[in-house]
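Participant: In my numbering, each number is its position in the sequence shown, counted from 1, plus 21.
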Amino acid sequence: MDTKKLCALSVGRVGAAGLFSLTTLSFHGDISLIAFPLAIVFSAVTAFFGVQKVFRSGETRFIPVYRTLLQYLPYVLLISFVLRRAGQFGTPSVLDAFSVLFWVVSSALTLVILRYLNPKRVEQYFVGYKVPEKKSRKGVRLIVSEAVSWIDALVQAVFMVLLLNIFIVQLYEIPSESMVPEFLIKDRVVVFKTLSGPKFPLSNIGLPYLKKYNRGDIVVFRNPHYEADRKSEVKTFLSQLVYMISLTKVNLNMDADGTPKADPLVKRLAGVPGEQLMMQDGILYHRTRAGDEFTPVTEDETWAAWNLNETKLSLKKGIQQFPLSQEDYDAMLDCEEQRKALDITSASLECRSLADRFRTLSKQFASVEKTGTANISQNDLAVISLVRTPMGGYYDYGLLSDRVTSALTYKLLQATDGVDWFGKFMTDWTAKKINFNGDLYAEASFKLNLMIKLTFGRLVVRNLELLASGLQPSLWASDAKRLDCFVQAQMLSGYILLQDRRNMPVFPANDAEGNPQYIPDNCYFMMGDNRFNSLDMRHSYDEWLAPLSAFDAYSVTYYTNMQPQYVPRSRILGTTSYRFWPFTRRGVPGHTGK
Numbered sequence: 022m023d024t025k026k027l028c029a030l031s032v033g034r035v036g037a038a039g040l041f042s043l044t045t046l047s048f049h050g051d052i053s054l055i056a057f058p059l060a061i062v063f064s065a066v067t068a069f070f071g072v073q074k075v076f077r078s079g080e081t082r083f084i085p086v087y088r089t090l091l092q093y094l095p096y097v098l099l100i101s102f103v104l105r106r107a108g109q110f111g112t113p114s115v116l117d118a119f120s121v122l123f124w125v126v127s128s129a130l131t132l133v134i135l136r137y138l139n140p141k142r143v144e145q146y147f148v149g150y151k152v153p154e155k156k157s158r159k160g161v162r163l164i165v166s167e168a169v170s171w172i173d174a175l176v177q178a179v180f181m182v183l184l185l186n187i188f189i190v191q192l193y194e195i196p197s198e199s200m201v202p203e204f205l206i207k208d209r210v211v212v213f214k215t216l217s218g219p220k221f222p223l224s225n226i227g228l229p230y231l232k233k234y235n236r237g238d239i240v241v242f243r244n245p246h247y248e249a250d251r252k253s254e255v256k257t258f259l260s261q262l263v264y265m266i267s268l269t270k271v272n273l274n275m276d277a278d279g280t281p282k283a284d285p286l287v288k289r290l291a292g293v294p295g296e297q298l299m300m301q302d303g304i305l306y307h308r309t310r311a312g313d314e315f316t317p318v319t320e321d322e323t324w325a326a327w328n329l330n331e332t333k334l335s336l337k338k339g340i341q342q343f344p345l346s347q348e349d350y351d352a353m354l355d356c357e358e359q360r361k362a363l364d365i366t367s368a369s370l371e372c373r374s375l376a377d378r379f380r381t382l383s384k385q386f387a388s389v390e391k392t393g394t395a396n397i398s399q400n401d402l403a404v405i406s407l408v409r410t411p412m413g414g415y416y417d418y419g420l421l422s423d424r425v426t427s428a429l430t431y432k433l434l435q436a437t438d439g440v441d442w443f444g445k446f447m448t449d450w451t452a453k454k455i456n457f458n459g460d461l462y463a464e465a466s467f468k469l470n471l472m473i474k475l476t477f478g479r480l481v482v483r484n485l486e487l488l489a490s491g492l493q494p495s496l497w498a499s500d501a502k503r504l505d506c507f508v509q510a511q512m513l514s515g516y517i518l519l520q521d522r523r524n525m526p527v528f529p530a531n532d533a534e535g536n537p538q539y540i541p542d543n544c545y546f547m548m549g550d551n552r553f554n555s556l557d558m559r560h561s562y563d564e565w566l567a568p569l570s571a572f573d574a575y576s577v578t579y580y581t582n583m584q585p586q587y588v589p590r591s592r593i594l595g596t597t598s599y600r601f602w603p604f605t606r607r608g609v610p611g612h613t614g615k
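Shown next, in the form of structure tokens:
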């Protein structure tokens with residue numbers, strides 16, 4: 022290629038850069054004002070040294086300067102692109118498209134020109150030009166020269182890596198144990214992004230979506246629990262840039278509390294478009310428009326990890342936290358078996374019997390002064406999760422604790438409506454005809470609610486029996502019937518702690534008429550493999566009191582964060598392609614065995 026053609030390419034590049042600069046014009050009084058001056062000034066300086074000095078004036082001594090400016094031009098224009106979109110007001114998609122088009126053309130021409138200006142080739146196209154020999158420097162000049170050289174290499178490397186991270190491939194370090202045993206903390210993986218439709222920062226313009234995601238894919242995606250407004254996206258982009266410049270030492274991607282954001286996330290793709298999901302007793306079910314029945318997702322059983330105590334020894338050594346001991350896991354299974362075996366008809370009879378027994382016993386306390394209505398709140402009915410103390414004991418499991426049941430016993434005796442409230446609490450549900458319509462989660466939650474009610478009712482009635490017998494409350498602790506109830510209470514309270522990790526209601530929920538809804542096209546549902554230690558797309562980051570069963574107006578309550586959501590394809594960054602660290606477990610991610 023002769024110099025005339027190189028000059029023509031340079032002129033074309035100047036035109037593309039100039040048009041790009043025009044797309045960064047802003048008339049808003051914010052940071053976006055900086056975009057146009059930065060783009061146009063740098064483009065003009067590059068054009069001056071290239072077209073004017075090197076090609077038209079033939080001053081070849083400016084070739085190194087021109088080459089250096091060209092090397093930085095794509096990055097400076099990219100910064101201008103981000104700055105233009107970092108203000109309070111967005112840009113139209115059409116403008117984004119033109120900006121990206123002119124950036125691509127300018128960058129492509131820049132690469133072509135740089136190829137011919139390479140020190141190994143440049144002498145072929147510029148007659149008489151000699152590549153300057155490296156000057157011998159000493160002292161301060163040598164130090165400054167080397168420092169400038171290193172800074173130049175570092176800055177170019179950072180921006181090159183940034184482009185690679187955006188459009189081709191990125192390295193991630195696993196920060197949590199949500200994907201145990203597949204990934205352990207500090208595992209490092211390569212994520213391929215090109216097929217996942219990467220976009221230019223702060224825009225929706227980029228490569229097309231080519232990847233078809235399947236159930237079981239391990240994907241990296243933006244955390245939908247965080248705001249995705251312009252301000253947050255700008256902060257995320259800048260924090261990523263600083264993170265790379267500081268060689269991963271400075272992370273500015275923090276939430277309002279100063280805690281590093283869990284963003285992006287690495288999870289398993291568990292639900293695909295066109296499905297309605299449900300999880301009960303650790304089994305994931307699905308159905309589609311093709312059938313009304315929920316059937317198990319058999320593939321999910323191959324990677325869902327419920328009992329880490331059974332993990333193979335080579336991986337077990339690297340696990341930092343075991344959510345359940347084998348004893349706790351067995352207690353959970355025992356609770357589920359008891360719930361499955363619960364006969365609703367028999368439970369109805371016992372609930373009525375307990376209500377009648379309470380009414381009969383309360384007549385013996387007719388002389389007790391009435392202090393008002395019972396006024397039982399959601400907090401009063403809350404089943405607090407079982408807590409183990411450092412000494413191995415248990416304390417305060419809410420509605421089923423000795424403290425609460427004893428206090429509520431006295432409260433009901435002293436209330437004008439205490440007997441009526443207890444009767445409604447125990448039996449109101451028995452007058453209703455309940456049809457779960459194949460909803461295993463709703464049925465299981467209803468039965469669990471009944472098990473808790475029965476245990477509470479037995480305790481309250483037993484308390485009244487002991488009061489009627491004249492036995493002092495200080496001696497109640499040794500009563501065998503109460504002790505049996507508290508053994509059951511411990512099991513139930515322990516299960517409530519696991520309710521939102523072990524199970525999931527029908528998702529997406531049916532509409533108001535009961536018609537099934539399905540995951541929309543180009544949307545997916547993700548969970549971590551370590552189901553008891555994964556705050557994933559099943560959960561909110563907030564917690565609130567909610568009824569355990571929607572089929573009982575007097576349901577017990579528990580603290581829940583269950584709020585399933587699907588993730589749009591646009592938030593998926595890529596799939597984990599290769600684990601390169603630790604070296605002993607390198608390879609393509611797949612289920613590593615439990």
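Glycine residues also receive a C-beta, built at the ideal position from the N, C-alpha and C atoms.
Exposed or buried, glutamine 399, counting other C-beta atoms within 10 Å across all chains shown (16 or more means buried)?
Facilitator: Position 378 of the sequence shown holds residue 399. Exposed, because fewer than 16 other Cβ atoms sit within 10 Å of the Cβ of glutamine 399.
Participant: So the candidates are Met299, Glu357, Gly595, Leu594; which of them puts its Cα closest to the Cα of asparagine 531?
Facilitator: Here residue 531 refers to the residue found at position 510 of the sequence shown. Ranking Met299, Glu357, Gly595, Leu594 by Cα distance to asparagine 531 puts Met299 first.
Participant: Which class does phenylalanine 457 belong to by DSSP, given the choice of helix, strand or coil?
Facilitator: Residue mapping note: residue 457 aligns to position 436 of the sequence shown, counting from 1. DSSP places phenylalanine 457 in coil when its eight states are reduced to three.
Participant: So leucine 420 packs on alanine 436, CB below 8 Å; how close in whole Å?
Facilitator: Along the sequence shown, read from residue 1 onward, the residue named residue 420 stands at position 399. Along the sequence shown, read from residue 1 onward, the residue named residue 436 stands at position 415. At roughly 17 Å, the Cβ-Cβ gap does not stay under 8 Å, so leucine 420 and alanine 436 are not in contact.
Participant: Taking the C-alpha atoms as reference points, what is the distance between tyrosine 580 and valine 293?
Facilitator: In the sequence shown, counting from the first residue as 1, residue 580 sits at position 559. In the sequence shown, counting from the first residue as 1, residue 293 sits at position 272. Taking the straight line from one Cα to the other gives about 29 Å.
Participant: Identify whether asparagine 470 lies in helix, strand or coil by the three-state DSSP scheme.
Facilitator: Mapped onto the sequence shown, residue 470 falls at position 449. Looking at asparagine 470 - three-state DSSP - the assignment turns out to be helix.
Participant: Specify the secondary structure class of phenylalanine 102 as computed by DSSP and reduced to three states.
Facilitator: Position 81 of the sequence shown, counted from the start, is the residue given in the question as residue 102. Correct three-state label for phenylalanine 102: helix.
Participant: Can you name the start and end residues of the beta strand (DSSP E) that phenylalanine 69 belongs to?
Facilitator: As a working note, residue 69 is residue 48 in the sequence shown. It is not in any beta strand (DSSP E) - phenylalanine 69 carries neither H nor E in the DSSP assignment.
Participant: Please identify the residue among Pro494, Leu59, Met525 whose C-alpha is closest to the C-alpha of valine 97.
Facilitator: Indexing the sequence shown from 1 puts residue 97 at position 76. Measuring from the Cα of valine 97, the nearest candidate turns out to be Leu59.
Participant: Mark methionine 525 as exposed unless 16 or more other C-beta atoms lie within 10 angstroms of its C-beta, in which case mark it buried.
Facilitator: As a working note, residue 525 is residue 504 in the sequence shown. Here methionine 525 is buried: its Cβ has 16 or more other Cβ atoms, across all protein chains shown, within 10 Å.
Participant: If you compare alpha carbons, which of Gln92, Gly303, Leu99, Ala376 is closest to isoleucine 134?
Facilitator: Here residue 134 corresponds to residue number 113 of the sequence shown, with the count starting at 1. Nearest option by C-alpha distance: Gln92.
Participant: CB phenylalanine 507 to CB aspartate 423, shorter than 8 Å?
Facilitator: The residue given as residue 507 occupies position 486 in the sequence shown. The residue given as residue 423 occupies position 402 in the sequence shown. Going by C-beta atoms, phenylalanine 507 is nearer than 8 Å to aspartate 423.
Participant: Among Arg308, Pro281, Ser170, which one has its Cα closest to the Cα of aspartate 460?
Facilitator: The residue labelled residue 460 in the question sits at position 439 within the sequence shown. Selected option, being the one with the closest Cα: Arg308.
Participant: Tell me the rounded alpha-carbon separation between leucine 27 and glutamine 145.
Facilitator: As a first step, residue 27 is located in the sequence shown; it is residue number 6 there, counting from the start. As a first step, residue 145 is located in the sequence shown; it is residue number 124 there, counting from the start. The alpha-carbon atoms of leucine 27 and glutamine 145 are separated by roughly 12 Å.
Participant: Give the secondary structure of glycine 535 by DSSP, where H, G and I count as helix, E and B as strand, and everything else as coil.
Facilitator: The residue labelled residue 535 in the question sits at position 514 within the sequence shown. Coil at glycine 535, not helix or strand.
Participant: Along the chain, where does the beta strand (DSSP E) that runs through threonine 581 open and close?
Facilitator: As a position in the sequence shown, residue 581 is number 560, starting the count at 1. Unbroken beta strand (DSSP E) run through threonine 581: 578-583.
Participant: Do the CB positions of threonine 67 and serine 101 come within less than 8 Å of each other?
Facilitator: As a position in the sequence shown, residue 67 is number 46, starting the count at 1. As a position in the sequence shown, residue 101 is number 80, starting the count at 1. Result no, Cβ atoms of threonine 67 and serine 101 do not sit closer than 8 Å.
Participant: Could you check what DSSP says for valine 271 in three-state terms: helix, strand or coil?
Facilitator: Position 250 of the sequence shown, counted from the start, is the residue given in the question as residue 271. If DSSP states are grouped into helix, strand and coil, valine 271 belongs with coil.
Participant: For alanine 107, which residues in the same chain have their Cβ closer than 6 Å to its Cβ, ignoring the five residues on either side in sequence?
Facilitator: Position 86 of the sequence shown, counted from the first residue, corresponds to residue 107. Closer than 6 Å at the Cβ level, and outside the excluded window around alanine 107, lie Ile52, Val255.
Participant: Of the residues Ala277, Gly71, Pro95, which one's Cα is nearest the Cα of isoleucine 84?
Facilitator: Counting from one through the sequence shown, the residue named residue 84 turns up at place 63. Of the listed residues, the one whose Cα sits closest to isoleucine 84 is Gly71.
Participant: Mapping the DSSP letters down to three states, classify aspartate 51 as helix, strand or coil.
Facilitator: Translated into positions along the sequence shown, residue 51 becomes position 30. Of the three classes helix, strand and coil, the one that applies to aspartate 51 here is coil, per DSSP.
Participant: According to DSSP, simplified to helix, strand and coil, what is leucine 556?
Facilitator: For the purposes of this step, residue 556 is identified with residue 535 of the sequence shown, where counting begins at 1. Reduced to three states, the DSSP call for leucine 556 is coil.
Participant: Let me know the secondary structure DSSP gives serine 406 once reduced to three states.
Facilitator: As a first step, residue 406 must be located in the sequence shown, where it is residue number 385. Unreliable positioning characterises serine 406 in this predicted model, as indicated by a pLDDT of 44, which lies under 50. The coordinate reading is nonetheless provided below. Here serine 406 sits in coil by DSSP.
Participant: Leaving aside the five residues before and after proline 281 along the sequence, list all residues of the same chain whose C-beta is less than 7 Å from its C-beta, in chain order.
Facilitator: Position 260 of the sequence shown, counted from the first residue, corresponds to residue 281. Once the five neighbours on either side are set aside, the close Cβ partners of proline 281 are Asn272, Asn274, Met275.
Participant: Exposed or buried, isoleucine 455, counting other C-beta atoms within 10 Å across all chains shown (16 or more means buried)?
Facilitator: Numbered from its first residue, the sequence shown carries residue 455 at position 434. Its Cβ having fewer than 16 others within 10 Å, isoleucine 455 is exposed.
Participant: Phenylalanine 546 and alanine 291 - do their beta-carbons sit closer together than 8 Å?
Facilitator: As a first step, residue 291 is located in the sequence shown; it is residue number 270 there, counting from the start. As a first step, residue 546 is located in the sequence shown; it is residue number 525 there, counting from the start. Yes, these two residues count as a Cβ contact at 8 Å.
Participant: What is the residue span of the alpha helix (DSSP H) that serine 369 lies within?
Facilitator: Within the sequence shown, the letter at position 348 stands for residue 369. 365-383 is the extent of the alpha helix (DSSP H) around serine 369.
Participant: For asparagine 328, collect the residues of the same chain with a Cβ closer than 6 Å to its Cβ; drop the 5 residues on either side in sequence, then sort them by chain order.
Facilitator: Within the sequence shown, residue 328 is the residue found at index 307, counting from 1. Excluding residues within five positions, the ones whose Cβ falls inside 6 Å are Tyr350.
Participant: Cα-Cα, which of Glu320, Gly608, Val121 is closest to alanine 37?
Facilitator: Looking up residue 37 in the sequence shown gives position 16. The option with the nearest alpha carbon to alanine 37 is Val121.
Participant: Hey, how far is the Cα of phenylalanine 379 from the Cα of phenylalanine 446?
Facilitator: Translated into the one-based positions of the sequence shown, residue 379 becomes position 358. Translated into the one-based positions of the sequence shown, residue 446 becomes position 425. One C-alpha to the other measures close to 12 Å.
Participant: What are the start and end residues of the alpha helix (DSSP H) that includes serine 120?
Facilitator: Here the question's residue 120 lines up with position 99 in the sequence shown. Unbroken alpha helix (DSSP H) run through serine 120: 114-137.
Participant: Excluding sequence positions up to five away, which residues of its chain have a Cβ less than 6 Å from the Cβ of histidine 49?
Facilitator: For the purposes of this step, residue 49 is identified with residue 28 of the sequence shown, where counting begins at 1. The residues are Gly108, Phe110.
Participant: Give a yes or no on whether 8 Å exceeds the smallest Cβ distance from glutamate 357 to chain B.
Facilitator: Protein chain content of the structure displayed is limited to a single chain, and chain B is not contained in it.
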